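The letter at position 352 of the first sequence is residue 352 when you use the working numbering, and the numbering goes up by one with no holes. We treat Cβ as the ideally placed atom computed from N, Cα and C, and that holds for glycine. These numbers come from a predicted model, not from an experiment. A short write-up of the structure that comes next.
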Amino acid sequence: MAKIELAKAYEAKEVEDALYKKWEDSDYFNPDKLPGDRQEEFVISMPPPNVTGILHLGHAFENAIMDVAVRYQRMQGKRAMIVPGTDHAAVATQARVESDLKAQGINNPRQELGREGLIAKVREFAENHKSIMIGQIKKMGTSCDWSRLAYTFDEPRSKAVNEIFRRMFADGLIYRGYRVVNWSVKGQSTCSDDELEYETRKTTVYTFKYSDTFPIPIATTRPETKLGDTAVAVNPDDERYNHLIGQKFTVDVGAENPLVITIIGDKNVDMNYGTGAVGVTPAHSQIDFEMYQNNKDIGIIPVIGKDGRMLPAAGKDYVGLTVLEAREKFVNWLKEKNLYISEEEIEHNVGTSDRFKDVVEALPMDQWFIDVNKEIAGRGKSLKDLMREAVTSGHNGDKEKIIKINPERFHNIYLQWIDNLRDWCISRQIWWGHRIPIWYCADCNEIFYSDVTPETCPKCESTKLRQDEDTLDTWFSSGAWTFSTLGWPEDSEDMKKYHPTTWMQMGYEILFFWMARMILMTTYTLDDIPFKDVYIHGILRAKDGRKFSKSLGNGLDPLEVIEKYGTDALRLSLIKGVTAGNDSRFYEEKVEGARNFVNKLWNISRYILSTVDDATIIKDAPEAKTLSDEWIMSRLEQTAKSAGGCLDKYDFSGAIELLTEFTRDDFADWYLEIAKIEKDKDEILLYVLQNLLRLWHPFIPFVTEEIWSKFGAENLLMIEAWPRVAVKKEKLMDKVKDILHLSEEEQLPSFDLVKQSVTSLRNLRSENKIDPARMVKAILIAGDKAGLLESQQDVLMKLARLEKLEIVESGEKPKGCAATVISGIEIYLDLAGLIDIEAERARLEKDLVEAEKYAKGLQMKLANEEFVKNAPASVVDGERAKLQEAQAKAEKLKLQLSDLG
RNA sequence: GGACACAUAGCUCAGUUGGUUAGAGCGCACGGUUCACAUCCGUGAGGUCGUAGGUUCGACUCCUAUUGUGUCCACCA
Numbered sequence: 001m002a003k004i005e006l007a008k009a010y011e012a013k014e015v016e017d018a019l020y021k022k023w024e025d026s027d028y029f030n031p032d033k034l035p036g037d038r039q040e041e042f043v044i045s046m047p048p049p050n051v052t053g054i055l056h057l058g059h060a061f062e063n064a065i066m067d068v069a070v071r072y073q074r075m076q077g078k079r080a081m082i083v084p085g086t087d088h089a090a091v092a093t094q095a096r097v098e099s100d101l102k103a104q105g106i107n108n109p110r111q112e113l114g115r116e117g118l119i120a121k122v123r124e125f126a127e128n129h130k131s132i133m134i135g136q137i138k139k140m141g142t143s144c145d146w147s148r149l150a151y152t153f154d155e156p157r158s159k160a161v162n163e164i165f166r167r168m169f170a171d172g173l174i175y176r177g178y179r180v181v182n183w184s185v186k187g188q189s190t191c192s193d194d195e196l197e198y199e200t201r202k203t204t205v206y207t208f209k210y211s212d213t214f215p216i217p218i219a220t221t222r223p224e225t226k227l228g229d230t231a232v233a234v235n236p237d238d239e240r241y242n243h244l245i246g247q248k249f250t251v252d253v254g255a256e257n258p259l260v261i262t263i264i265g266d267k268n269v270d271m272n273y274g275t276g277a278v279g280v281t282p283a284h285s286q287i288d289f290e291m292y293q294n295n296k297d298i299g300i301i302p303v304i305g306k307d308g309r310m311l312p313a314a315g316k317d318y319v320g321l322t323v324l325e326a327r328e329k330f331v332n333w334l335k336e337k338n339l340y341i342s343e344e345e346i347e348h349n350v351g352t353s354d355r356f357k358d359v360v361e362a363l364p365m366d367q368w369f370i371d372v373n374k375e376i377a378g379r380g381k382s383l384k385d386l387m388r389e390a391v392t393s394g395h396n397g398d399k400e401k402i403i404k405i406n407p408e409r410f411h412n413i414y415l416q417w418i419d420n421l422r423d424w425c426i427s428r429q430i431w432w433g434h435r436i437p438i439w440y441c442a443d444c445n446e447i448f449y450s451d452v453t454p455e456t457c458p459k460c461e462s463t464k465l466r467q468d469e470d471t472l473d474t475w476f477s478s479g480a481w482t483f484s485t486l487g488w489p490e491d492s493e494d495m496k497k498y499h500p501t502t503w504m505q506m507g508y509e510i511l512f513f514w515m516a517r518m519i520l521m522t523t524y525t526l527d528d529i530p531f532k533d534v535y536i537h538g539i540l541r542a543k544d545g546r547k548f549s550k551s552l553g554n555g556l557d558p559l560e561v562i563e564k565y566g567t568d569a570l571r572l573s574l575i576k577g578v579t580a581g582n583d584s585r586f587y588e589e590k591v592e593g594a595r596n597f598v599n600k601l602w603n604i605s606r607y608i609l610s611t612v613d614d615a616t617i618i619k620d621a622p623e624a625k626t627l628s629d630e631w632i633m634s635r636l637e638q639t640a641k642s643a644g645g646c647l648d649k650y651d652f653s654g655a656i657e658l659l660t661e662f663t664r665d666d667f668a669d670w671y672l673e674i675a676k677i678e679k680d681k682d683e684i685l686l687y688v689l690q691n692l693l694r695l696w697h698p699f700i701p702f703v704t705e706e707i708w709s710k711f712g713a714e715n716l717l718m719i720e721a722w723p724r725v726a727v728k729k730e731k732l733m734d735k736v737k738d739i740l741h742l743s744e745e746e747q748l749p750s751f752d753l754v755k756q757s758v759t760s761l762r763n764l765r766s767e768n769k770i771d772p773a774r775m776v777k778a779i780l781i782a783g784d785k786a787g788l789l790e791s792q793q794d795v796l797m798k799l800a801r802l803e804k805l806e807i808v809e810s811g812e813k814p815k816g817c818a819a820t821v822i823s824g825i826e827i828y829l830d831l832a833g834l835i836d837i838e839a840e841r842a843r844l845e846k847d848l849v850e851a852e853k854y855a856k857g858l859q860m861k862l863a864n865e866e867f868v869k870n871a872p873a874s875v876v877d878g879e880r881a882k883l884q885e886a887q888a889k890a891e892k893l894k895l896q897l898s899d900l901g
C-alpha cells in the first residue's frame, strides 16, 4: 500500500459539507437504522429554535453540547437520537413580521391584511427561516434524526395541542375567567407573568386624600387609576385605622360616579410603610384584584381601556386621555382641591412586554387560564403538586421517575418559582398560533370544545356558532415537545421506545418558561416525566462580560466563524472551559486556539500516515515492546477511561482537557519523538491514533471522520465504539525483568523518570544558554535506577541532544558541571568550560533553599503527634516518603554546590 | 426586601466527597528554519486562592461575618 500524503494544513471548508452528507446518507442519525445490538436508548429533544431569526452563538453552543453527548452515547452502543425541530414562537414571530411590515409602510398590518392575509405573511416568513435554520444546524455537524423533524405548528403537533386542551378543559383545569392580566397596548395582547421584563425607572409617588373628610391619606405612583378605587386596605392590627374597617365613604374625585370606598382589613398591608394604608384599585392591579376576590362587595371599576386610554367610567374630564395625560390632570385637580399632600421621587420596577417592549397595563378581562391549584379529577393533586413531585419524591412517588437537575442549585430556584406561580394565562389576542379550539353557540350560550369546525351546537343543534378568536401561548405547544415530537397522541412505536427522553439541556433563562411547562404538560397528560436529566447551562458573553446583542453590535455569526476557522474549531472553543450553570465568555482568540489544536491533530495524523508502511485499521491492541510503548498505551487506557467518566457526568470541558493533554503532551511531544528514535512502531502509532480519533470524535466530528477515512475502514467513525484499551505487556516484562532486576511481583517502572531526566537536561542546557545544535556530554548517577536509564540510553541521548552519556550507580562526582537532582538521580551536564559558575551557584542555592524549606515543612508536619495519630496511614506514609526524597535531594544539592569549586 | 452564583497567575478559566510543593490555555521572557506541524517546538518567570474570624492534626475546598460583581424572585402601595 502506498504511503498517504495529507495536505499540510487541515482545510475544514473543503471536507465538512461532504462529510455531513455522508453521515446523513448513512441513516445512522436515525437510531432505528443503527447497526449492531443496541439495548439502551439515549434521546435528546432539541430545544426548538424560534423561527423569528437565524441561529446565533447560543444555538451553536447548544448544538455543540447536544451533539457531543449524543455522539458519545452512540459510540457507547446506544440507540442515540436527537429529535430536531423549530418553534413557531407565536407572539415573537408575529411581532417581528408586523414590525417588518410597518417598516415597509403597512402601518396597521392587522387591519390592512386581515386575519388570513397576515397569517400568510407570517407563515412565509417562518417557513423561510425554518429552512435557513435547518441548514445552519447541519453546518454545526449536529447529528439530528431529520426523518423525525418537527415543528410546533405543524399538523401532528397541532393535534397534540388540541388533545391536551380537550383533556384539561374536560377536567376543568382550563377555564375562562374575568381576571386582571398583563396587557400590551402596543401588541394588543396579553402576556403571561413570565413574559414580563422588569425595568427600574424613576417615578413619582404622590400622597393625597380622596376628600377633606376621608380619614386616611393614600400614596400611589398611578394617580389616574385612583379614579377606579373601591376600597382602602389597612392592617387589621393597626390601631390607628382598624376601628374603621367595614366603614364606607363616598367621595367625589371627578369620576363618572362618586366612588364608594370601603375600608377593608388585609394582613399583607405593612403598617410601617408609607401611610400604612393602601388604596385598592381592583381593576388595575393583580394584588388589588385578589383583595377584590376576597371581598367582592367592594366592586370593581375599570377606568383604562385596551387602547391605553381612559374609559368613560373615569369621568367626562378624563375619557379618551392617555394614562399619562390623565395622571397629570388628576394630580392638578388634587392640588386645586387641597387634597394633595406631598410627592417623592422613588426608583420603581415596571413590567414591560419582552416582545413588544412597552410597559404593560394591568387590565381586567375575560381570558383563558390553566388552574394550577385545582385538584385534578381522580388524582388527588394539583398541577402544582405534579410539578413539585417530579423533582422531589419522583412522579407519583416513584423514585425511578425523578428529574435530576444539574447543577443542583437550580432545584431550589425551580421550587421557589412554583410556590409563586399563579394561574397561567394561555390566551393571546394575536393570530399566529394554535387557535383556541373552543366554540360558542349564540342561541343557547353553550361553550364547547371542538378541534374541527362543528356543524351544529351539541346542545341545541343551532348552527349559529363561532370559534374563539384567540390563540394559545406558544409555551402551551412547546410544553408538549418531548412527546408531541414522538407522535403522541397516536399510539406510536416511538412513544413506547423513546419516551421519557433521556437528557435535556437548556439555558437557565428558560428554566421557568420551558422546563416547568414541560413537566406540567407531561406529568398531567402522560402520567410520566418528560426527561430524566436536565443540564442547565449559562449564556455566552463577549470577552468584556457583556451579553451579545444586536444593539451593541458585538455579535459573532456562527457561520462566519465556521467559514474562517471550521466547525470543529467552533465547537471545541464553545465547549472548552464551560461548566454547568455558569456563564462563559467567547471570543475569537479561543477559536483560533481550537483551530490550531485541530490542525495539530491533523499533522499528527499526517506524520503517521506518511511513515507507516501500511495505513490500515489496527483492531487489537499491539504488544508493548519498549517502556515507552507501555507508557503510551497505559496513558491511552487511562485517558479513555477518565474522559469517558467526564462525559458520563456531562463534564464536557473536563474531557477536553484530558484529551488535549494526552494528545499534545504525551502523544505528539513525547511519543512521536521517541518513535523517530526507537523505530518499528507502525502498529502502536496507528492504534493510538485510531483510538485518539474515536476519543475526539464527539467533539470534533469532521476532522476525525476525515482522517479516519484514510485507513480504508469499513465503518464510519461515528458508529465506532468508544475505546476500551487493555495494555499488553507480558513479553516486555519478560524481556526487561533481568535488565531492571525486577522480582516477580514488581511492577514495571514508570517511564516518567526518563521524561523527567530529559526535561532536567534540557533545562540545564537552556539555563546555561547552550546552543541547541551543540552536542554535550552528561553523567547520571542514578543508584538503583541506573539499569532503567541505561535501557533508555538512546532515547535520553537523542532527546537531550547528548554526544555522550554515562550512567552509573554511584561514583565520583564530576567537577565543573552544571548539575541538578531529580527523584534521587544526580544529573551532570559537562558544558566543556561554557559554564557560568556564578549563575550555576545561584541556581543551585535557590534549589537548595527550596528543598530545605520543603523538607522542613514536612518534618514539622510529621513531628506533630496529632497529625500522625489522626491522618490516614496512607497520607502519613506519603508524607514520610516525600520527606525522605526531599532530604536526599538537599544533601545531593549541597555536594553539587561544593563540587562547583 | 428574599435567594442564588461568582471572586484562584497580566487575561479567560479548571481545581469532583478537606490530605498536590495550587493547574491549563492565551499573553510575557529567553532560545530554536531538527525532513508532521511557526496554525510549531524547547525552557522559564508570574498566585500568602477577595478580606477577617472559626472548625480541624490538616482548609482553595467546610462554617460565620464582611467587601465587590452579576443574576433571579418579590415588591412599596
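* Give the secondary structure of residue 502 by DSSP, where H, G and I count as helix, E and B as strand, and everything else as coil. => For the purposes of this step, residue 502 is taken as the residue at position 502 of the first sequence. Note: residue 502 maps to strand in three-state DSSP.
* Where does residue 191 fall in DSSP's three states? -> Counted from its first residue, the first sequence places residue 191 at position 191. Note: residue 191 maps to strand in three-state DSSP.
* Among all the DSSP beta bridges, which residues are the ones paired with residue 364? -> In the first sequence, counting from the first residue as 1, residue 364 sits at position 364. DSSP, once it has assigned bridges, lists 180 as partnering residue 364.
* Excluding five sequence neighbours on each side, which residues of the same chain lie with their C-beta closer than 7 Å to the C-beta of residue 653? -> Looking up residue 653 in the first sequence gives position 653. Excluding positions up to five away in sequence, the list reads 575, 576, 577, 578 and 579.
* Asked: Three-state secondary structure (DSSP) at residue 891?
  -> Looking up residue 891 in the first sequence gives position 891. In the structure shown, residue 891 sits in a helix (DSSP, three-state: H, G or I).
* Pull up the distance between the alpha-carbon of residue 492 and that of residue 426, whole angstroms please. => On the first sequence, position 492 is the one that residue 492 refers to. On the first sequence, position 426 is the one that residue 426 refers to. So the two alpha carbons sit approximately 28 Å from each other.
* Whether residue 80 touches residue 73 by CB criterion (7 Å) -> Sequence index remark: in the first sequence, residue 80 carries index 80 (1-based). Sequence index remark: in the first sequence, residue 73 carries index 73 (1-based). Their beta carbons are under 7 Å apart, which means residue 80 touches residue 73 by this criterion.
* Please state whether DSSP places residue 633 in a helix, a strand or coil. => Indexing the first sequence from 1 puts residue 633 at position 633. Three-state DSSP puts residue 633 in a helix.
* **CA-to-CA distance, residue 570 to residue 467, given in whole angstroms** => Taking the first sequence and counting its residues from 1, one reaches residue 467 at position 467. Taking the first sequence and counting its residues from 1, one reaches residue 570 at position 570. One C-alpha to the other measures close to 49 Å.
* **Distance CB(residue 778)-CB(residue 829) smaller than 7 Å** => Within the first sequence, numbered from 1, the residue matching residue 778 stands at position 778. Within the first sequence, numbered from 1, the residue matching residue 829 stands at position 829. Their beta carbons are under 7 Å apart, which means residue 778 touches residue 829 by this criterion.
* To do: Label residue 36 either buried or exposed according to how many other C-beta atoms from any shown protein chain fall within 10 Å of its C-beta, with 16 as the threshold for buried.
  => For this step, residue 36 is matched to residue 36 along the first sequence. Residue 36 comes out exposed.
* Asked: Hey, how far is the Cα of residue 5 from the Cα of residue 853?
  -> By one-based count along the first sequence, residue 5 stands at place 5. By one-based count along the first sequence, residue 853 stands at place 853. Distance between the alpha carbons of residue 5 and residue 853: 54 Å.
* **Length at least 4, wholly inside the region 318-404: the alpha helix (DSSP H) runs in chain order** => 323-336 and 383-389
* Taking DSSP as the reference, what is the three-state secondary structure of residue 257? -> Position 257 of the first sequence, counted from the start, is the residue given in the question as residue 257. Here residue 257 sits in coil by DSSP.
* Looking at the structure shown, is residue 129 part of a helix, part of a strand, or coil, going by DSSP? -> Position 129 of the first sequence, counted from the start, is the residue given in the question as residue 129. Helix at residue 129.
* **Selected residue, minimal CA-CA separation from residue 353, among 198, 403, 213 and 479** => Residue numbering aside, residue 353 sits at position 353 when the first sequence is read from its first letter. When only C-alpha atoms are compared, the closest one is 198.
* To do: Spatial neighbours of residue 499 within its chain, please: CB distance less than 6 Å, with the 5 preceding and 5 following residues excluded, ordered by chain position.
  => For the purposes of this step, residue 499 is taken as the residue at position 499 of the first sequence. The residues are 483 and 486.
* **Beta-carbon spacing of residue 206, residue 336 below 7 Å** => Working through the first sequence from its first residue, we reach residue 206 at position 206. Working through the first sequence from its first residue, we reach residue 336 at position 336. Their beta carbons are not under 7 Å apart, which means residue 206 does not touch residue 336 by this criterion.
* Asked: Just to confirm, are residue 855 and residue 819 a CB contact at a threshold of 7 Å?
  -> Numbered from 1 along the first sequence, position 855 holds the residue referred to as residue 855. Numbered from 1 along the first sequence, position 819 holds the residue referred to as residue 819. For residue 855 and residue 819, no; Cβs fall outside 7 Å.
* **Under the three-state DSSP convention, the category residue 14 falls into** => For the purposes of this step, residue 14 is identified with residue 14 of the first sequence, where counting begins at 1. In the structure shown, residue 14 adopts helical secondary structure according to DSSP, grouped into three states.
* To do: Can you grab the Cα-Cα spacing for the pair residue 715 / residue 39, in whole Å?
  => Within the first sequence, residue 715 is the residue found at index 715, counting from 1. Within the first sequence, residue 39 is the residue found at index 39, counting from 1. Taking the straight line joining both Cα atoms gives about 20 Å.
* Cβ-Cβ distance between residue 348 and residue 501 below 7 Å -> Taking the first sequence and counting its residues from 1, the one referred to as residue 348 is at position 348. Taking the first sequence and counting its residues from 1, the one referred to as residue 501 is at position 501. Not closer than 7 Å, so no.
* Going by the CB atoms, is the gap between residue 78 and residue 42 shorter than 7 Å? -> Within the first sequence, residue 42 is the residue found at index 42, counting from 1. Within the first sequence, residue 78 is the residue found at index 78, counting from 1. Yes, they are a contact pair.
* Asked: Nearest-angstrom Cα distance between residue 145 and residue 83?
  -> Position 145 of the first sequence, counted from the start, is the residue given in the question as residue 145. Position 83 of the first sequence, counted from the start, is the residue given in the question as residue 83. C-alpha separation (whole angstroms): 6 Å.
* **Residues near residue 513 in its chain [Cβ-Cβ closer than 7 Å; skip 5 each side]** => As a first step, residue 513 is located in the first sequence; it is residue number 513 there, counting from the start. 194 and 475, listed in sequence order.
* residue 532 lies in the beta strand (DSSP E); which residues open and close that run? -> On the first sequence, position 532 is the one that residue 532 refers to. Per DSSP, residue 532 belongs to the beta strand (DSSP E) from 531-537.
* Note the first and the last residue of the continuous beta strand (DSSP E) segment covering residue 829. => Mapped onto the first sequence, residue 829 falls at position 829. Element bounds for residue 829: 825-830.
* Asked: For the region 591-610 against the region 168-185, are there 3 or more C-beta pairs whose distance is under 8 Å?
  -> no
* **Option nearest residue 754 by Cα separation, candidates 734, 659, 765 and 792** => Here the question's residue 754 lines up with position 754 in the first sequence. Looking at 734, 659, 765 and 792, the one whose alpha-carbon comes closest to that of residue 754 is 792.
* May I have the straight-line CA-CA distance separating residue 236 from residue 266, to the nearest angstrom? => Looking up residue 236 in the first sequence gives position 236. Looking up residue 266 in the first sequence gives position 266. Spanning the alpha carbons of residue 236 and residue 266 requires a straight line of approximately 6 Å.
* To do: Can you have a look at residue 479 and say buried or exposed, based on whether 16 or more other CB atoms are within 10 angstroms of its CB?
  => On the first sequence, position 479 is the one that residue 479 refers to. Answer is buried; the Cβ neighbour count reaches 16.
* **Contact check, residue 151 vs residue 53, beta carbons under 7 Å** => Counting from 1 along the first sequence, the entry for residue 151 is found at position 151. Counting from 1 along the first sequence, the entry for residue 53 is found at position 53. No, the Cβ-Cβ distance between residue 151 and residue 53 is not below 7 Å.
* Asked: Mind checking residue 774: buried by the 16 CB within 10 Å criterion, or exposed?
  -> Looking up residue 774 in the first sequence gives position 774. So residue 774 ends up on the exposed side.
* According to DSSP, residues forming a beta bridge with residue 80 -> One-based indexing of the first sequence puts residue 80 at position 80. 42, per the DSSP bridge assignment.
* Beta-carbon proximity check, residue 537 vs residue 566, cutoff 7 Å -> Translated into positions along the first sequence, residue 537 becomes position 537. Translated into positions along the first sequence, residue 566 becomes position 566. Cβ atoms of residue 537 and residue 566: not closer than 7 Å.
* Classify residue 472 as buried or exposed, calling it buried when 16 or more other Cβ atoms lie within 10 Å of its own Cβ. => Taking the first sequence and counting its residues from 1, one reaches residue 472 at position 472. Burial call: buried.
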